[in-house]
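In the numbering used here, each number is its position in the sequence shown, counted from 1, plus 749.
Beta carbons: idealized from backbone N, C-alpha and C, even for Gly.
Reading through the structure tokens given below for one structure.
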Amino acid sequence: MPISADRFEEIDTDEEQPKPETNAAKILEFLEEHTIEAFTQTEIAQATEVKRGSVGPTLVRLRERGQVDHRGQYWRISDHDRSIDAATAHASEVAASHEEAPFEYGEWQEYAVDPREQRE
């Protein structure tokens, strides 16, 4: 049975984000709280209480999804993930500001074009 494009987008988004309380979610949450720093696997394990043996494979999966960056022995949240978060926050703020202010038709009425007047 077909699904709507909106439903499809929801499914795609859900698959990108790890399920809550998983190792991936804990690691991403920690790295998102420290966006201007990079950490070793040991530091991530200590800060998140994720088992040291699970941190490495989890970080590799997150890197394959483009959610974390890796250089040498250090890991950080990816710029791509940060930019998505920033864009989402901005879109939410813009939407909220439009909801708060009523649309004033009178402000643009003098610039409106009546298509009936443009007929030949």
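With a 10 Å radius around its C-beta and 16 neighbouring C-beta atoms as the bar for buried, classify Lys800 as buried or exposed.
-> Indexing the sequence shown from 1 puts residue 800 at position 51. Looking at its Cβ environment, which holds fewer than 16 other Cβ atoms inside 10 Å, Lys800 is exposed.
How far does the beta strand (DSSP E) with Val862 in it reach, from first residue to last?
-> Numbered from its first residue, the sequence shown carries residue 862 at position 113. Unbroken run through Val862: none, as it is neither H nor E.
Alpha-carbon to alpha-carbon, Leu811 and Thr837 | Translated into positions along the sequence shown, residue 837 becomes position 88. Translated into positions along the sequence shown, residue 811 becomes position 62. Answer to the nearest angstrom: the Cα atoms are 20 Å apart.
Arg865 to Glu859 span [Cα, whole Å] = Position 116 of the sequence shown, counted from the first residue, corresponds to residue 865. Position 110 of the sequence shown, counted from the first residue, corresponds to residue 859. Taking C-alpha positions only, Arg865 is separated from Glu859 by approximately 16 Å.
Looking only at DSSP bridge pairs, what is Ile793 linked to?
-> Position 44 of the sequence shown holds residue 793. In the DSSP output, where bridge partners are listed per residue, Ile793 has none listed.
For Phe852, name the three-state secondary structure that DSSP assigns.
-> Counting from 1 along the sequence shown, the entry for residue 852 is found at position 103. Judged by DSSP in its simplified three-state form, Phe852 adopts coil rather than helix or strand.
What's the C-alpha gap between Gly815 and Met750?
-> Taking the sequence shown and counting its residues from 1, the one referred to as residue 815 is at position 66. Taking the sequence shown and counting its residues from 1, the one referred to as residue 750 is at position 1. Taking the straight line from one Cα to the other gives about 31 Å.
How many angstroms separate the CA atom of Glu792 from the CA atom of Ile826?
-> Your numbering for residue 792 matches position 43 in the sequence shown. Your numbering for residue 826 matches position 77 in the sequence shown. Going from the Cα of Glu792 to the Cα of Ile826 covers about 14 Å.
Any non-hydrogen atom of the ligand MN within 7 Å of Asp828 CB = This structure lacks the ligand MN, and indeed carries no ligand of any kind.
Burial state of Pro806 (16 or more Cβ within 10 Å) | The sequence position of residue 806 within the sequence shown is 57, counting from 1. By the neighbour-count rule (16 or more Cβ atoms within 10 Å), Pro806 is not buried but exposed.
Nearest candidate by alpha-carbon position, reference Leu780, set Glu759, Gly802 and Asp828 = Taking the sequence shown and counting its residues from 1, the one referred to as residue 780 is at position 31. Closest option to Leu780, Cα to Cα, is Asp828.
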